[in-house]
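Listed in order, the protein sequences are those of chains A and B. Sequential numbering of the first sequence, starting at 712, is according to our numbering. Sequential numbering of the second sequence, starting at 12, is according to our numbering. Built from N, CA and C at the ideal position, the CB exists for glycine as well. Quantities reported herein were computed from a predicted structural model and do not represent experimental measurements. A quick write-up on the structure given underneath.
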Amino acid sequence: MWKFIVRRLLITMPQIVLLSILVFIMAQLMPGDALSGLIDPNIDPAAIEEQREKLGLNDPWYVQYTDWVTSAIQGDLGQSFRFKMPVTELIGQRLVNTFWLGLATLIFTYIIAIPLGITSGRYNDTLRDQIITGYTYIGFATPLFIFALVMLWVFGYSLGWFPTGGSVEPGLEPGSFAYIMSKINHLLLPAISMALITTVNTVQYLRSEIIDTKQKDFVLTARAKGASEARVYRRHIFRNSLLPVAAYFGFEITGLIGGTIFIETIFSYPGMGLLFMESVLQRDYSVVTSVVLLFGIASILGALLSDIILSLVDPRIRIK
Amino acid sequence: MHYTETESMVTNEEKVPSLAKIIWREIVRDKVALISFLFIILITSFVYGISIFLNQDEIVRVDLFAINEPPSENFWLGTDYGGRDIFGQLIIGTRNSLSIGILVTLMTGIIGVTYGLASGYFGGTVDNIMMRIVDFFLILPFLMIVIVFVAIVPEYSVWTFSLIMTAFLWMGKARLIRSKALQERELDYAQASKTLGTPHWKIMFLQVLPNLSSLIIVTMTLNLAANIGLESGLSFLGFGFPEDTPSLGTLLGYARNPQTLELRWWIWVPAAVMVFLLMLAVRNVGEALKRATDAKQRRG
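Below is the structure:
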């Protein structure tokens, strides 16, 4: 058990190092450097050169790389050229919004997936199952951003049930009840739109898990002992099918990251995804590299989390 | 076919139908797949056929006297903010989206299959190293990295776009092919061939590869659907096709403007419907192919 976790952790380290190298290469390929956002074009070029030397921008790449990694670990990700503020501070503001959006999406994903998956698996090949399978089939074929556009068009603009942008009504006192309600109100439509599409994976997975478990011998034993049908499902089948589904929780994080770029752009929701899009368009590259680095680390940790949960749930994985 | 000789020896028994025949039988049996298949054939021949007669420069030329017009007799699907005909853009856009989808699918297919085949065939340490690399790339936030590369690449064109997409999309296929190749290499025919001294590349490409063909066809079809969606998504965000080369994604990208989204549905809804129908149809065919290649699930 511990052996597996330690080995899995050992793989994570080189992954993060590789990611940092990739991001560093990307940063080097980008036009401009740490200075171009700060300087005034009227300054004497010799003075700029002196500054470059002082900041270590003329050092060989491996020295620059170690400097960059050291300051990143200490929480210094450079200056945003657009906002004229440290990237760490800027990301801090946006990260909170994306965190709430991600959390709301995950909650909705499981609220939708668990009842649908259970119904579909328990009554497989009935009309109910066919409707649910049809939904997952269409969900797989619908790109998230098109679905989100339609949702915004219908529920945001045409019906006017939800706000069409932002994360909170301006002018409200932070922390007050109205402020929190406004936050939730702004979250609902983006989160539901994303959840309705991303949930189809979980529904299908849960369905096939339940159909698999239904045929196991221990279910037969439970029935032979005279357990009621409800008890067989609740105590024996659901519990065994839900665990592997729960383990995929970590991989959901990777999916969410791709989704937030579309969802936040479409709903103009000020989170990390929108920050990333704005910064790419405005060539604010120190922000871009930081966001890629953070989301990359989040994905790697998500995969790590899933593998660890999976190994707890399924001992076969540990043997290797 | 390699086994014509053995087949002629067992003529008294029922002949094994060819893969193409099984696939065709499965598609005809499954009405949804048949309709999807006909739809794809119809749309592709229509957009590729018509676009020969359409002049792309003519369609994307700005006409300030016909801005944002709703559908009418002159413009079947209205015009965009530059007075450009949406219907013409939709046809050329569908063609461009299909072309790039097919191109990226083929390129990722070639790289992924070769990589996976080599990794699975050689096995051991080689496999271990090659798969760790794939694992790493699979975890990366794909969309963000593609967007960054699209933004920083100099002399951006449709070609560089498809190359960037390819560079980060072949890993899933490599992993799938590798797991199958790993099984194949243990089989007697591969082992016998190795003992006879057949060069590795010959065993890999002439003997193992044909046995994986059905798997490759199925994944490539399902990938095509995904790639059409991905292209339209990236173009929607403004990191795919440039505006003077219409694609389904660039048409959808107009909907990033709230006014277009709310009031001028004719610009983006047809493209949205087209992406959805294309992806659904290609997926339907892909699922039918999947059943055709798995004897347990076959309906025909």
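Please report the distance separating the alpha-carbon of residue i from that of residue j.
i: glycine 876 (chain A); j: isoleucine 113 (chain B); result: 36 angstroms
i: arginine 36 (chain B); j: lysine 42 (chain B); result: 11 angstroms
i: leucine 272 (chain B); j: leucine 806 (chain A); result: 28 angstroms
i: proline 257 (chain B); j: alanine 282 (chain B); result: 11 angstroms
i: lysine 936 (chain A); j: phenylalanine 929 (chain A); result: 10 angstroms
i: tyrosine 848 (chain A); j: isoleucine 33 (chain B); result: 24 angstroms
i: valine 21 (chain B); j: alanine 299 (chain B); result: Any reading at valine 21 (chain B) must be qualified, since the residue scores a pLDDT of 47, below 50, and its modelled position is unreliable; no value is offered.
i: threonine 965 (chain A); j: tryptophan 864 (chain A); result: 27 angstroms
i: proline 797 (chain A); j: glutamine 775 (chain A); result: 19 angstroms
i: phenylalanine 917 (chain A); j: leucine 1023 (chain A); result: With the sequence shown as reference, residue 917 (chain A) is identified as leucine, and phenylalanine is not the correct amino acid for it. Approximately 18 angstroms between the Cα atoms of the pair.
i: glycine 244 (chain B); j: serine 979 (chain A); result: 16 angstroms
i: glutamate 884 (chain A); j: isoleucine 895 (chain A); result: 15 angstroms
i: alanine 815 (chain A); j: leucine 1021 (chain A); result: 24 angstroms
i: alanine 292 (chain B); j: phenylalanine 48 (chain B); result: 7 angstroms
i: threonine 15 (chain B); j: serine 29 (chain B); result: Here threonine 15 (chain B) scores only 49 on pLDDT, less than 50, and its place in the model should not be relied on; the value that follows carries that caveat. Straight-line Cα distance between these residues: approximately 11 angstroms.
i: asparagine 23 (chain B); j: serine 1010 (chain A); result: Per-residue confidence for asparagine 23 (chain B) stands at a pLDDT of 48, beneath the threshold of 50, marking its modelled position as unreliable; no derived number is given.
i: phenylalanine 98 (chain B); j: glycine 240 (chain B); result: 20 angstroms
i: arginine 302 (chain B); j: phenylalanine 851 (chain A); result: 18 angstroms
i: lysine 1031 (chain A); j: glycine 845 (chain A); result: Because lysine 1031 (chain A) carries a pLDDT of 47, less than 50, the predicted location of this residue cannot be relied on, and the following value inherits that uncertainty. Near 38 angstroms, if we compare the C-alpha coordinates of glycine 845 (chain A) and lysine 1031 (chain A).
i: isoleucine 150 (chain B); j: alanine 236 (chain B); result: 21 angstroms
i: arginine 833 (chain A); j: aspartate 840 (chain A); result: 9 angstroms
With distance defined between alpha-carbon atoms, name the residue in the options nearest to residue i.
i: alanine 162 (chain B); options: B:Ile278, B:Pro253, B:Ala266; result: B:Pro253
i: leucine 817 (chain A); options: A:Ile968, A:Ile1011, A:Pro981, A:Thr976; result: A:Ile968
i: tyrosine 265 (chain B); options: A:Val728, A:Phe873, A:Leu860; result: A:Leu860
i: aspartate 2 (chain B); options: B:Pro257, B:Leu180, B:Thr116; result: Chain B is shown from 12 up to 311; residue 2 (chain B) falls before or after that span and cannot be answered.
i: phenylalanine 287 (chain B); options: B:Met182, B:Pro82, B:Thr105; result: B:Thr105
i: glycine 183 (chain B); options: B:Leu259, B:Phe64, B:Ile144; result: B:Ile144
i: isoleucine 977 (chain A); options: B:Val280, B:Trp276, B:Pro269; result: B:Pro269
i: serine 1017 (chain A); options: A:Arg994, A:Val1002, A:Glu963; result: A:Glu963
i: valine 991 (chain A); options: A:Phe792, A:Leu720, A:Leu721; result: A:Phe792
i: phenylalanine 250 (chain B); options: B:Val164, B:Val219, B:Phe64; result: B:Val164
i: glutamate 195 (chain B); options: B:Val159, B:Thr177, B:Phe50, B:Met215; result: B:Met215
i: tryptophan 276 (chain B); options: B:Pro81, B:Leu174, B:Asn139, B:Ile38; result: B:Pro81
i: arginine 934 (chain A); options: A:Asp923, A:Ile948, A:Ile922, A:Ile921; result: A:Ile948
i: proline 826 (chain A); options: A:Tyr959, A:Ser952, A:Thr781, A:Glu761; result: A:Ser952
i: threonine 820 (chain A); options: A:Glu940, A:Gly982, A:Ser782, A:Val914; result: A:Val914
Check for me: the alpha helix (DSSP H) holding residue i runs from which residue to which?
i: methionine 231 (chain B); result: 224-248
i: methionine 892 (chain A); result: 888-925
i: methionine 988 (chain A); result: 983-992
i: leucine 740 (chain A); result: 713-740
i: phenylalanine 182 (chain B); result: First, the amino acid is wrong: residue 182 (chain B) is methionine here, not phenylalanine. Start and end: 182-195.
i: glutamine 804 (chain A); result: 798-833
i: tyrosine 200 (chain B); result: 199-206
i: proline 269 (chain B); result: 269-274
i: tyrosine 132 (chain B); result: 97-133
i: alanine 178 (chain B); result: 169-178
i: glycine 678 (chain A); result: Limits of chain A in this structure are 712 at one end and 1031 at the other, which puts residue 678 (chain A) out of reach.
i: phenylalanine 960 (chain A); result: 960-977
i: glutamine 841 (chain A); result: 838-852
i: glycine 60 (chain B); result: 42-64
i: alanine 162 (chain B); result: 153-163
Mind pulling the chain A residues with CB within less than 7 angstroms of residue i?
i: phenylalanine 147 (chain B); result: Gln726, Leu729
Cβ-heavy atom distance between residue i and the ligand PLP below 7 angstroms?
i: aspartate 836 (chain A); result: No copy of the ligand PLP appears in this structure; indeed no ligand is present at all.
Can you pull the chain B residues whose beta carbon is under 9 angstroms from the beta carbon of residue i, in chain order?
i: tyrosine 868 (chain A); result: Pro269, Leu272, Glu273, Leu274
i: methionine 737 (chain A); result: Ile156, Val159, Phe160, Ile163
What residues from chain A crowd round residue i, counting only those whose CB sits closer than 8 angstroms?
i: valine 286 (chain B); result: Pro854, Ile857
i: methionine 290 (chain B); result: Ala852, Thr853, Pro854
i: alanine 236 (chain B); result: Ala852
Strictly below 7 angstroms CB to CB, what residues from chain B border residue i?
i: isoleucine 968 (chain A); result: Pro152
i: valine 717 (chain A); result: Residues of chain B passing the Cβ test: none, with the nearest at roughly 17 angstroms.
i: valine 991 (chain A); result: Ile158, Val159, Ala162
i: leucine 740 (chain A); result: Ile163
Taking C-beta pairs closer than 8 angstroms, name the residues in chain B that residue i reaches, listed in chain order.
i: isoleucine 972 (chain A); result: Leu154, Met155, Ile158, Leu248
i: phenylalanine 851 (chain A); result: Arg294
i: leucine 860 (chain A); result: Leu263, Ala266, Leu272, Trp279, Ala283
i: threonine 976 (chain A); result: Leu248, Arg267
State yes or no: is the beta carbon of residue i nearer than 8 angstroms to at least one beta carbon in chain C?
i: leucine 1021 (chain A); result: Looking at the structure shown, chain C is missing, and the protein chains on hand are A and B.
Practice problem: Output, in sequence order along the chain, the residues in the stretch 151-163 of chain B whose CB is closer than 8 angstroms to any CB in chain A. | Solution: Leu151, Pro152, Phe153, Leu154, Met155, Ile156, Ile158, Val159, Phe160, Ala162, Ile163
Quiz item: If you measure beta-carbon to beta-carbon, which residues of the stretch 240-256 of chain B are closer than 9 angstroms to chain A?
Solution: Gly240, Leu241, Ser243, Gly244, Phe247, Leu248, Gly249, Phe250
Practice problem: May I ask you to list, following chain order, the residues of the stretch 219-231 of chain B that have a beta carbon less than 9 angstroms from some beta carbon of chain A? | Solution: none
Quiz item: Which of the residues in the stretch 912-942 of chain A, read from start to end, lie with their CB under 9 angstroms from any CB of chain B?
Solution: none
Quiz item: At a Cβ cut of 9 angstroms, what residues of the stretch 998-1015 of chain A count as close to chain B, listed as they run along the chain?
Solution: Val999, Thr1000, Val1002, Val1003, Phe1006, Gly1007, Ala1009, Ser1010, Ile1011, Gly1013, Ala1014
Quiz item: Of the residues that make up the stretch 773-800 of chain A, which ones have a beta carbon closer than 7 angstroms to any beta carbon in chain B?
Solution: none
Self-check item: the stretch 864-888 of chain A: positions lying closer than 9 angstroms to chain B by Cβ
Solution: Trp864, Gly867, Tyr868, Ser869, Thr875, Gly876
Practice problem: Using a Cβ-Cβ cut-off of less than 9 angstroms, give me the residues of the stretch 952-966 of chain A that come near chain B, in sequence order. | Solution: Thr965
Practice problem: For the stretch 890-915 of chain A, enumerate the residues whose C-beta is nearer than 8 angstroms to any C-beta of chain B, in chain order. | Solution: none
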